[in-house]
Every structure is written in C-alpha cells, then in structure tokens.
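Asks:
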Amino acid sequence: MAVANKKIVFLTGAGMSAESGISTFRDAGGLWEQYPVMQVASHTGWLQDPELVTRFYNERRKQLFDTKPCDGHKLVAGLEQNYDVVVITQNVDDLHERAGSTNVIHLHGELRKVCSSRDVENPACWQVLDRNNWEVEPGTKAADGSLLRPYIVFFEEAVPMIVPAAQQVGEADVLVIIGTSLNVYPAAGLVNYVREGVPVYLIDPKEVSVPIDLNITHIQAGATEGMERLINIIGI
Ligand code: APR
11 MAVANKKIVF LTGAGMSAES GISTFRDAGG LWEQYPVMQV ASHTGWLQDP ELVTRFYNER
71 RKQLFDTKPC DGHKLVAGLE QNYDVVVITQ NVDDLHERAG STNVIHLHGE LRKVCSSRDV
131 ENPACWQVLD RNNWEVEPGT KAADGSLLRP YIVFFEEAVP MIVPAAQQVG EADVLVIIGT
191 SLNVYPAAGL VNYVREGVPV YLIDPKEVSV PIDLNITHIQ AGATEGMERL INIIGI
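What follows is the structure, given as structure tokens:
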C-alpha cells in the first residue's frame, strides 16, 4: 500500500498575492487606507449602499484579471507532487488555483463568484464571472429575485468554511503561514488547531504576533523567497 504523503497545510493572506501586484489590506497604502472598510466590506455596509459595494468589488474583480500568480503561488502548487497539500486562504483571488493548486479552501469567499443576497449558499444563484463578463450592473437581480451580490464573506457574517479548515489544520504534519497579519478571526484562530509538535513556518517580511505560543520558524522574507527557503528546509 502506498505510504500516504505528509500533509502540508498552508494558511495564506493578502501578502501571498502582494508579489502579483494585489495590494494588502493593512500595510502602508493598503486597501483599508483607501476605502472605509465597514462601508465596502461589511454586511451593514452592503445593506446601506449595495451600489457602492457592487462597484467596489467590480473594481477589485477587474484588477484580478490583470494579475497572474507569482512564483510563490507556483511553488506552493508544486509541492502537490510529493505532499498532500491543502491551501486555506483568506484571499478572494483565484491565484492559487491559477498556479495549479487543486485543494483550496476560501475562508472569505471568491471574487469571481456572485450570489443571491437572500441566501449566499444557494447554488442556483451562483454565477462565475470572467474577463469578458466581470462587471455587475448595480441593481441586477439573482435568480431568486434578490439583489445579486459578491460571493464574499463580509465582516459581521459567518465564515462557514472555518469548520473544514480547522479540521485540515488539525491533520497537518506541517503548517505554513504566508502573508497574513493574523488580525482577523476566526481565520487567525486556526493556528490553535495544530497538533503538539507539528512544525510551523511563518513566511512574512515583518514580525507577526501569533496568538498562541507555538514553536514557529519565522522565515523573514516575501512569499516567493520565503517558499524557496522553506523548500530548502523541508525538501520538495
Ligand atoms: N510576501 C509575504 N507577506 C507579505 C508580503 C510579501 N511580499 N508583503 C506584505 N506581506 C505581509 C504583511 O507583512 C502582513 O503581515 O502580508 C500581511 C498582510 O496582512 P493584511 O494586510 O492584514 O492581510 P490579511 O492578513 O490577509 O487580512 C485578513 O482581513 O480585511 C480582511 O477579509 C480581509 O482576508 C482579509 C483579512
């Protein structure tokens, strides 16, 4: 019987896509410096001004089609040859998938998808947008007659994928955190599920305070250089 490959679980954030040209949220000049986060990324903001929110995500979606995966995304995907790789991402871009990752859990939704504003999980209302059809006209209705909205987990909303994500972290033989300030819960709380003694690597050019006392190896570098150094440590 084939020996099961070691499971390596990634928890990625905006810094993973920074080298693809997508700005992070909380770095200097980040997205939340330019936009009032509670107006464009919260449930209350959606209810108050769905047109503003629709236009905000149209802009982010348009930018997405002008970007491509960085080498860091590709190195993560390449580990699937010898590891059972699970990517848990807070990012709403599809760069991990476009780099070749086949097992991606999106905690905060997906920029290319739009859905019902009555029931975001109703698949009959899901639409996947592409570069020829990326813009939602404010006021457009979903199949159930409600306003079509971004398939994004807004602040104040539940994060249904946190359950399968926690399960995966609990089964990890290696946990790698890349490009997240670990500011936002429940995503940041996933580090609590790693088993005792499992090696944890954190790839980030800055210091990141991790909520619990883990034996973390901090690879102080960007995503691509950090992945190159990680592969030298753990082997491809
Ligand atoms: N490579 C790796 N990490 C980087 C790079 C890079 N090139 N550039 C910046 N970083 C790091 C920053 O040092 C920071 O620790 O990426 C992290 C980005 O942190 P945030 O901007 O807070 O992004 P993130 O942690 O993903 O935010 C979590 O907040 O607004 C919500 O829903 C949004 O999913 C997002 C969540």
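The numbering of the sequence shown is our numbering, which starts it at 11 and goes up by one. Just so it is clear, CB atoms sit at the ideal spot from N, CA and C, and this is done for glycine as well.
#1: I'd like to confirm something about residue 120: is its beta-carbon nearer than 6 Å to some heavy atom of the ligand APR, or not?
#2: Just list the alpha helix (DSSP H) runs in the stretch 92-150, keeping only unbroken ones of 4 residues or longer that don't cross its boundaries, in chain order.
#3: Taking the beta strand (DSSP E) that residue 78 falls in, what are its first and last residues?
#4: Assess contact between the stretch 125-139 and the stretch 106-114, defined as three or more Cβ pairs (one per stretch) separated by less than 8 Å. Is contact present?
#5: Would the stretch 86-93 count as touching the stretch 195-207 if we require 3 or more Cβ pairs under 8 Å?
#6: Mapping the DSSP letters down to three states, classify residue 186 as helix, strand or coil.
#7: Within the present structure, is the beta-carbon of residue 100 separated from the nearest heavy atom of the ligand APR by less than 6 Å?
#8: Pull up the CB-CB distance for residue 8 and residue 218, whole angstroms please, since I reckon it's below 8 Å.
#9: Going by the DSSP bridge assignment, what does residue 158 pair with across the sheet?
#10: Indicate the three-state DSSP secondary structure (helix, strand or coil) for residue 227 in the structure shown.
#11: Locate the alpha helix (DSSP H) running through residue 66, then write down its first and last residues.
Replies: If we stick to the structure as given:
#1: no
#2: 105-109
#3: Membership of residue 78 in any beta strand (DSSP E) is not indicated, and neither H nor E is assigned to it by DSSP.
#4: no
#5: no
#6: strand
#7: yes
#8: Any property of residue 8 remains undetermined from this structure, which presents the chain solely from 11 to 246.
#9: Partner(s): 126.
#10: Correct three-state label for residue 227: strand.
#11: For residue 66, the uninterrupted alpha helix (DSSP H) run begins and ends at 60-74, by DSSP.
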